[in-house]
Each structure stands twice: as C-alpha cells, then as structure tokens.
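Chemist:
Residue numbers (full-length UniProt numbering): 1 to 287.
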C-alpha cells in the first residue's frame, strides 16, 4: 500500500479566522473533528487531497459517517460548513477535495511514496514473469489472465481476476492449492469475489510480508468464520507475525498448544472431571 502515515498541521491553525468562527458554532467541536479526520484521510489515501475510497470511487457523506464514526446528520452539516468557508471543494464529479492541499502538505514526500509503490509493482510484475518461465503451463496461463487495474494512487497494478474453475467456495477445507494459484483468485473464490482496486493492491503486497501457505491458511479461516472483511484475514496474519510463526507447521503447533491449555482450564473449572483412584470425586463421596 502507498498510504501516508503522517500529514502536516500548522501549529497556529487555531488562530485562523475560519477555525475561530467554527469553534463558536453550536456543533463547532464536532465540525473540527470531521475536519481533522478529512485531513488525515486525505493523507492516508494520498490522492492529491481528494477523499476517495478507491481511485475511481469518491467517498460520499454516508460512507464518511460510517468511516469517521459520526452521526450522518452531523457529518452532512460539517461538510456544508467546511464548503461554505472554502476549506473543502466539491468538483463536478461530486468528489470532495481539501482546498490548497498541495500548498500545505509535503507533496515531494508523498510523490516519493507513489514512486516507491510503482517500483514495488514493477518488481511484482517481474516476479510473475519469472514464475511463468519456471512453470510454463500453469503459471503462463495465470499470467495471461492478468489485467491492469489502477490503484487509488493512479499506479497500475497487475492483478489476476480470472475465475479458477478448480476452486469452489464450498471447498475451504480442501488441500492447500499449489503456488501457481493466485492468492487473489483464492480469496475471490472462497471469501468474497468483488474487490476494490485498493483491496486488490493490499492482497498483492501481502506476498512481500507473509508466506504463501500462511496467506492461504488465513483466507481459509476467514471463510470458515463466515467473515468477508479483508481486515479479518489481515488480523490473522498480523497475529501470527507477532507470535513469530512463519510456517503452517508452526501455526498448527501453536493451535494445538492453545487448545490443550484451553482444555486444561476447562477441566480445572469442572469438578466432575477430576478423577480419584476409585472414580470421580462425586462417586467417592457417595460411597
């Protein structure tokens, strides 16, 4: 992902006349919270100050209310106020943009992140071509089904969206597929098919962080839990990473240890399960 983890805020921002006016309004504090959230999200998506869910999907007010965790009416009112004072702009495509974004932010630094993302994507495409050479039958077929998807940063990322006929959604407990099967295809077939460019890019970059077998296993567990959010799968992978589990065998041993510990605690809390030489404690007391 090409997210920006910081933005610039002026130390004298509360001396601005517009901010002072907003502070005196009945919902002034709430409006300023929405304003700061807009600034933070604009930096996060790194799309020239626009508030976007994906490159071609502008975030509407209803979605802002959900993502910002604020009541819909208060977000709608905040947007009206911020637009009145020209702190935000709404273009002809109803995309909301922070006014003078490039004037106040470190555009050079943000552009550097874009270039780094482009380089990672180039390496990904090169790796796919190498896989095609090593496995000409399966991998070449997979490579041929790649299409160019534009990410929210305007960077083209090659992703595989062809349905794999051998994988069925109901087969989440099947044997782990061989590496030529795309992790994107596996997620689409077993968890959720419709993925945004942002989600596709996220899955692609998992390959740089986690092993193939762990990604597939995390996706299987997501499907078994009837979860569809990408964050559910990512949460599993992050948890394994924190535990320094790098192979499927290590994960299985960790699961076994957890279940054993859980079973021991359950037995300790159940007096009927404690045995004495002549039977359970309850049996001995009744003699």
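Note that the Cβ used here is the ideal one computed from N, Cα and C, for glycine as well.
1) Just checking my contact of residue 34 with residue 70 at CB under 8 Å: how many whole Å lie between their CB atoms?
2) Assign residue 26 to one of two classes, buried (16 or more other C-beta atoms within 10 Å of its C-beta) or exposed (fewer than that).
3) What does the alpha-carbon distance come out to for the pair residue 7 and residue 207?
4) Are at least three pairs of beta-carbons, each pair with one atom in the segment 55-66 and one in the segment 14-25, less than 8 Å apart?
5) Grouping DSSP H, G and I as helix and E and B as strand, with all else coil, what is residue 307?
6) Using the Cα positions of residue 75 and residue 195, report the straight-line distance between them to the nearest angstrom.
7) Considering only residues of the UniProt domain "DnaB/C C-terminal" (184-253), which uninterrupted alpha helix (DSSP H) runs meet the minimum length of 4 residues and lie entirely inside it, listed in chain order?
8) Verify whether the separation of the beta carbon atoms of residue 315 and residue 236 is less than 8 Å.
9) If you measure between the beta carbons of residue 98 and residue 49, is that distance less than 8 Å?
10) Per DSSP, which residues does residue 98 bridge with? Please list them.
11) Around the C-beta of residue 264, are 16 or more other C-beta atoms found within 10 angstroms, so that it is buried, or is it exposed?
12) For residue 229, count neighbouring Cβ atoms within 10 angstroms of its own Cβ and tell me buried if that reaches 16, exposed if not.
13) Flag this pair as yes or no: are the beta carbons of residue 61 and residue 88 separated by less than 8 Å?
14) Within 10 Å of its beta-carbon, does residue 143 have 16 or more other beta-carbons around it, so buried, or fewer, so exposed?
15) Could you tell me how far apart the beta carbons of residue 337 and residue 200 are, in whole angstroms, since I believe they sit closer than 8 Å?
16) Can you give me the C-alpha to C-alpha distance between residue 65 and residue 72, rounded to a whole angstrom?
17) Kindly indicate the opening and closing residues of the alpha helix (DSSP H) around residue 7.
18) Between residue 90 and residue 40, what straight-line distance do the alpha-carbon atoms span, to the nearest angstrom?
Modeler: Put simply:
1) Start at 1 with the first residue of the chain shown, and residue 34 comes out as number 34. Start at 1 with the first residue of the chain shown, and residue 70 comes out as number 70. The C-beta separation of residue 34 from residue 70 comes to about 6 Å, placing the pair in contact by the 8 Å criterion.
2) Counting from one through the chain shown, the residue named residue 26 turns up at place 26. Residue 26 is exposed by the Cβ-count criterion.
3) In the chain shown, counting from the first residue as 1, residue 7 sits at position 7. In the chain shown, counting from the first residue as 1, residue 207 sits at position 207. Residue 7 and residue 207: Cα-Cα distance of roughly 28 Å.
4) Here the segment 55-66 does not lie against the segment 14-25, with fewer than 3 beta-carbon pairs under 8 Å apart.
5) Absent from the structure is residue 307, since the part of the chain shown begins at 1 and ends at 287.
6) Walking along the chain shown from the start, residue 75 turns up at place 75. Walking along the chain shown from the start, residue 195 turns up at place 195. Our two residues, residue 75 and residue 195, have alpha carbons roughly 27 Å apart in a direct line.
7) Fully enclosed alpha helix (DSSP H) runs of 4 or longer: 197-206, 212-224, 230-242.
8) Outside the modelled stretch of the chain, which goes from 1 to 287, sits residue 315, for which no answer is possible.
9) Taking the chain shown and counting its residues from 1, the one referred to as residue 98 is at position 98. Taking the chain shown and counting its residues from 1, the one referred to as residue 49 is at position 49. Yes, they are a contact pair.
10) By one-based count along the chain shown, residue 98 stands at place 98. DSSP, once it has assigned bridges, lists 88 as partnering residue 98.
11) Position 264 of the chain shown holds residue 264. By the 16-neighbour rule on beta-carbons within 10 angstroms, residue 264 is exposed.
12) To locate residue 229, count along the chain shown from 1; it is residue 229. Result: exposed.
13) By 1-based counting over the chain shown, the position of residue 61 is 61. By 1-based counting over the chain shown, the position of residue 88 is 88. In this structure, residue 61 sits away from residue 88, with a CB-CB distance that is not shorter than 8 Å.
14) By one-based count along the chain shown, residue 143 stands at place 143. Note that residue 143 scores 44 on pLDDT, short of 50, meaning its location in the model is unreliable and no value can be drawn from it.
15) Any question about residue 337 goes unanswered here, given that the chain covers just 1 to 287.
16) Within the chain shown, residue 65 is the residue found at index 65, counting from 1. Within the chain shown, residue 72 is the residue found at index 72, counting from 1. Between residue 65 and residue 72, the C-alpha separation is close to 5 Å.
17) For the purposes of this step, residue 7 is identified with residue 7 of the chain shown, where counting begins at 1. Where residue 7 is concerned, there is no enclosing alpha helix (DSSP H), because DSSP gives it neither an H nor an E.
18) One-based indexing of the chain shown puts residue 90 at position 90. One-based indexing of the chain shown puts residue 40 at position 40. The alpha-carbon atoms of residue 90 and residue 40 are separated by roughly 18 Å.
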